[in-house]
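Colleague:
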Amino acid sequence: MRTGAAAIVFAAAITVALGAGGQRSSRYDVLIVGGRVFDGTGTVPVVADVAVKDGRIAAMGRVPRSQAARVIDASGLAVAPGFIDVHTHADDIADHPRAENFVRMGVTTVVAGNCGGSALDVGEALSRVRDTGVSINYATLIGHNTVRRAVMGTEDRLPGPPELARMRSLVWKAMADGAVGFSTGLQYVPGTYAKAPEIIELARVAANAGGVYASHMRNEGTELEDAVAETIRVGDLTGARVQISHLKVDSPSRWGISAKALEMIDAARRTGVDVEADQYAYTAASSTLGIRFPSWALEGGQARIAERLNDPATWQKIKREMAAMLAERGLNDLSFAVVAFYRADPSIDGLSMKQVASKMRGSASADEQFEAARDMLLAGGASMVYHFMSDGDVERIMRHPYVAVASDSGVLTMGEGVPHPRGYGNNARVLGDYVRARHVITLQEAIRKMTSLPAEHFRFANRGVVKTGYAADLVIFDPARVTDTATFEKPHSFADGIPYVLVNGVVVVDKGAHTGARPGVPLARSLMGK
Numbered sequence: 012m013r014t015g016a017a018a019i020v021f022a023a024a025i026t027v028a029l030g031a032g033g034q035r036s037s038r039y040d041v042l043i044v045g046g047r048v049f050d051g052t053g054t055v056p057v058v059a060d061v062a063v064k065d066g067r068i069a070a071m072g073r074v075p076r077s078q079a080a081r082v083i084d085a086s087g088l089a090v091a092p093g094f095i096d097v098h099t100h101a102d103d104i105a106d107h108p109r110a111e112n113f114v115r116m117g118v119t120t121v122v123a124g125n126c127g128g129s130a131l132d133v134g135e136a137l138s139r140v141r142d143t144g145v146s147i148n149y150a151t152l153i154g155h156n157t158v159r160r161a162v163m164g165t166e167d168r169l170p171g172p173p174e175l176a177r178m179r180s181l182v183w184k185a186m187a188d189g190a191v192g193f194s195t196g197l198q199y200v201p202g203t204y205a206k207a208p209e210i211i212e213l214a215r216v217a218a219n220a221g222g223v224y225a226s227h228m229r230n231e232g233t234e235l236e237d238a239v240a241e242t243i244r245v246g247d248l249t250g251a252r253v254q255i256s257h258l259k260v261d262s263p264s265r266w267g268i269s270a271k272a273l274e275m276i277d278a279a280r281r282t283g284v285d286v287e288a289d290q291y292a293y294t295a296a297s298s299t300l301g302i303r304f305p306s307w308a309l310e311g312g313q314a315r316i317a318e319r320l321n322d323p324a325t326w327q328k329i330k331r332e333m334a335a336m337l338a339e340r341g342l343n344d345l346s347f348a349v350v351a352f353y354r355a356d357p358s359i360d361g362l363s364m365k366q367v368a369s370k371m372r373g374s375a376s377a378d379e380q381f382e383a384a385r386d387m388l389l390a391g392g393a394s395m396v397y398h399f400m401s402d403g404d405v406e407r408i409m410r411h412p413y414v415a416v417a418s419d420s421g422v423l424t425m426g427e428g429v430p431h432p433r434g435y436g437n438n439a440r441v442l443g444d445y446v447r448a449r450h451v452i453t454l455q456e457a458i459r460k461m462t463s464l465p466a467e468h469f470r471f472a473n474r475g476v477v478k479t480g481y482a483a484d485l486v487i488f489d490p491a492r493v494t495d496t497a498t499f500e501k502p503h504s505f506a507d508g509i510p511y512v513l514v515n516g517v518v519v520v521d522k523g524a525h526t527g528a529r530p531g532v533p534l535a536r537s538l539m540g541k
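Numbering (the working numbering), first residue to last: 12 to 541.
And the structure:
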């Protein structure tokens with residue numbers, strides 16, 4: 012009897028030890044062996060194994076390969092926390108759940124809702140991401156332009172007390188539903204019509220809920236210092252952590268002024284304002300065509316815009332102001348602008364406005380470029396790429412310790428339009444060009460700017476560092492080979508030299524190919540427990 016009972020117990024133990032199908036169960040799901048581990052804090056890397064179990068980093072050091080269901084040999088490769096991109100326009104990620112342009116350059120977490128534009132119902136947006144299943148983690152801000160448009164349309168005026176109260180309520184609801192902060196786009200309609208007191212009131216709501224204030228500032232070139240001062244003042248008066256979005260100098264006449272902007276950030280930090288910034292690693296920006304027109308001409312919606320553009324006297328006034336704005340920037344015409352997406356006529360995607368004017372108007376003169384821009388705005392506008400920044404400013408900004416790396420990209424569809432290449436290559440470009448080729452910053456500093464720096468500022472708990480107990484968002488890349496392959500002429504090309512990416516412990520990029528896995532989760536801030 013005892014012998015029989017012992018045999019039954021032994022058999023049961025074997026059944027537990029072996030999984031379904033008679034396979035021995037493993038202590039770890041994935042084991043990454045032999046890589047140089049950059050923990051994300053900026054410290055010198057160490058060679059170590061990283062073991063993953065149930066979406067978390069379970070062990071580090073030397074781990075027997077026999078204990079893992081899958082082993083990834085990272086010999087000669089770097090192992091880092093998954094990159095966190097805090098300035099994206101991936102608001103439609105549920106419609107493009109693979110988010111391949113992001114994850115193929117090592118990004119495992121994105122923040123949407125930037126530049127004042129977001130879902131109005133943040134709770135619904137987060138639920139949709141959760142229900143759909145996406146390949147990377149997703150968080151969102153609540154956008155000021157979205158809130159103002161819902162309450163006031165696109166009118167150029169101050170809000171009345173009931174309207175301001177309604178906007179405060181919408182921001183509060185978004186924060187309660189999980190938004191990680193409040194964003195502004197003060198160069199865009201209708202946010203451009205808002206004065207500082209309105210911004211301060213709404214940012215205070217987000218700050219009181221523990222959220223960040225992220226701002227596409229009112230000016231990024233000719234009046235950069237005033238714009239930085241206004242942004243810092245919002246943080247000073249509300250207590251909000253401040254994120255200056257895509258810090259740049261977009262006016263050739265002001266190239267070099269980035270030094271002053273960075274000094275202002277340092278001074279504010281010394282007084283206790285928690286202000287940081289982000290940037291993309293290119294000398295070209297991307298925005299709408301409408302941003303080149305005076306803001307007063309864009310008030311009231313497309314019908315009123317058309318009235319102004321179709322009135323000869325008003326159009327002449329608009330053209331004069333457009334020319335004056337360009338001259339102040341040190342630009343003579345619109346030849347620095349390239350069409351990224353123009354739905355009315357995709358054949359001009361990829362052409363400069365000089366080329367567009369030649370094709371549409373028969374002349375490449377500055378006046379005909381303005382006329383072509385008018386025709387395009389009447390037809391619904393376009394997304395543009397703007398070449399008007401300097402390498403010197405980009406490098407200076409990148410060296411600053413409180414500037415994160417962010418793409419300012421949406422989820423891209425392969426072959427659609429001629430978008431800015433940053434959406435495919437931003438992180439890889441920093442690692443390959445600015446670290447390896449130019450030696451602007453060290454590899455460990457670049458990784459810190461992509462991981463722990465944004466994680467801390469946006470309060471993404473247990474992410475952004477390779478550490479036991481933290482989420483297993485990991486990127487494995489070859490420092491000697493990683494590079495951006497996307498160009499302005501041919502942007503639809505994935506980054507190279509990043510063979511593996513894990514999101515919450517699941518391999519999403521395997522030997523350079525997307526696995527189709529969708530382990531990403533919504534990262535929602537909650538008022539509960541604050």
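For glycine and all other residues, C-beta sits at the position ideal for the given N, C-alpha and C.
Assign Ala-528 to one of three DSSP states: helix, strand, or coil.
Modeller: coil
Colleague: Take Ala-383 and list the residues in its own chain whose beta-carbon comes closer than 6 Å to its own, dropping the five residues that flank it on each side.
Modeller: Val-367, Ala-368, Met-371, Arg-372
Colleague: Across the stretch 264–278 and the stretch 479–492, are there enough close Cβ pairs to call them in contact, namely three or more that are closer than 8 Å?
Modeller: no
Colleague: Based on the DSSP output, what are the partners of Gly-192 in its beta bridges?
Modeller: Looking at the DSSP output, Gly-192 sits in a beta bridge with Val-223.
Colleague: Could you have a look at Met-2 and say whether DSSP puts it in helix, strand or coil?
Modeller: Nothing in the structure corresponds to residue 2, since the chain is present only between 12 and 541.
Colleague: Among Arg-536, Val-74, Val-520, which residue has its Cα nearest to the Cα of Phe-113?
Modeller: Val-520
Colleague: Hey, out of Asp-507, Met-178, Gly-531, whose CA is closest to Gly-523's CA?
Modeller: Asp-507
Colleague: Taking 7 Å as the cut-off, decide whether the C-beta atoms of Ala-292 and Asn-148 are in contact.
Modeller: no
Colleague: May I have the straight-line CA-CA distance separating Tyr-41 from Phe-469, to the nearest angstrom?
Modeller: It is worth fixing the name first, because residue 41 is Val in this sequence and not Tyr. Taking the straight line joining both Cα atoms gives about 28 Å.
Colleague: Is it a yes or a no for the stretch 415–423 touching the stretch 485–495, going by three-plus beta-carbon pairs under 8 Å?
Modeller: no
Colleague: State the Cα-Cα distance for the pair Pro-510 and Gln-313, rounded to the nearest angstrom.
Modeller: Straight-line Cα distance between these residues: approximately 46 Å.
Colleague: I think His-98 touches Val-122, with their Cβ atoms under 8 Å apart; what is that distance to the nearest whole Å?
Modeller: 7 Å
Colleague: With distances taken from CA atoms, which of Ala-317, Asp-289, Ser-401 is nearest Val-260?
Modeller: Ser-401
Colleague: Would you mind sorting Arg-109 into buried or exposed? The rule is 16 or more other CB atoms within 10 Å of its CB.
Modeller: buried
Colleague: With DSSP run on the structure shown, which of helix, strand or coil describes His-398?
Modeller: DSSP, read as helix, strand or coil, puts His-398 in strand.
Colleague: Let me check one thing: in DSSP terms, what residues is Thr-157 bridge-paired to?
Modeller: Looking at the DSSP output, Thr-157 sits in no beta bridge, so it has no partner there.
Colleague: If you draw a straight line from the alpha carbon of Ile-255 to that of Pro-75, how long is it in whole angstroms?
Modeller: 45 Å
Colleague: Pull up the distance between the alpha-carbon of Ile-359 and that of Val-253, whole angstroms please.
Modeller: 38 Å
Colleague: Helix, strand or coil, according to DSSP, for Asn-230 in the structure here?
Modeller: coil
Colleague: Between Asp-84 and the rest of its own chain, which residues show a CB-CB distance below 7 Å, the 5 nearest in sequence each way excluded?
Modeller: Val-44, Gly-45
Colleague: Please list the terminal residues of the continuous alpha helix (DSSP H) segment that includes Met-425.
Modeller: Here Met-425 belongs to no alpha helix (DSSP H), and DSSP marks it neither H nor E.
Colleague: Would you mind working out which of Arg-474, His-431, Val-446, Gly-127 sits nearest Pro-502, comparing C-alpha positions?
Modeller: Across the set Arg-474, His-431, Val-446, Gly-127, the C-alpha of His-431 shows the shortest separation from the C-alpha of Pro-502.
Colleague: Using 10 angstroms around the beta-carbon of Asn-473, count the other beta-carbons present and answer buried if the total reaches 16, otherwise exposed.
Modeller: Per the 10 Å Cβ criterion, exposed.
Colleague: By the DSSP assignment, the alpha helix (DSSP H) with Glu-236 in it spans what residues?
Modeller: Membership of Glu-236 in the alpha helix (DSSP H) is indicated by the continuous run 235–249.
Colleague: Can you tell me where the alpha helix (DSSP H) with Met-364 in it begins and where it stops?
Modeller: 364–372
Colleague: Mind the definition here: the stretch 451–469 touches the stretch 67–82 only if three or more C-beta pairs lie below 8 Å; say whether that holds.
Modeller: Touching, no.
Colleague: What alpha helix (DSSP H) runs, 4 residues minimum, are completely inside the stretch 438–486?
Modeller: For the stretch 438–486, whole alpha helix (DSSP H) runs of length 4 or above, ordered along the chain, are 454–461, 463–468.
Colleague: Report buried or exposed for Thr-151, applying the criterion of at least 16 other Cβ atoms within 10 angstroms of its Cβ.
Modeller: buried
Colleague: Along the chain, where does the beta strand (DSSP E) that runs through Gln-290 open and close?
Modeller: 286–290
Colleague: Rounded to the nearest angstrom, what separates Leu-258 and Leu-320 at their Cα positions?
Modeller: 32 Å
Colleague: What residue from Leu-442, Val-57, Ser-297 has the CA that sits closest to Phe-399's CA?
Modeller: Ser-297
Colleague: Report buried or exposed for Glu-318, applying the criterion of at least 16 other Cβ atoms within 10 angstroms of its Cβ.
Modeller: exposed
Colleague: Mind reading off the beta-carbon distance from Val-182 to Val-216? Whole number of angstroms is fine, and I expect it under 8 Å.
Modeller: 4 Å
Colleague: Measure from the alpha carbon of Thr-462 to the alpha carbon of each residue in Leu-337, Gly-164, Asp-50, then state which is nearest.
Modeller: Asp-50
Colleague: What runs of the beta strand (DSSP E), each 3 residues or longer, lie entirely inside the stretch 107–172?
Modeller: 118–123, 148–151
Colleague: Once you ignore the five residues that flank Pro-305 on each side, which residues in its own chain have a CB closer than 8 Å to its CB?
Modeller: Closer than 8 Å at Cβ, skipping near neighbours: Ile-329, Glu-332, Met-333, Met-336.
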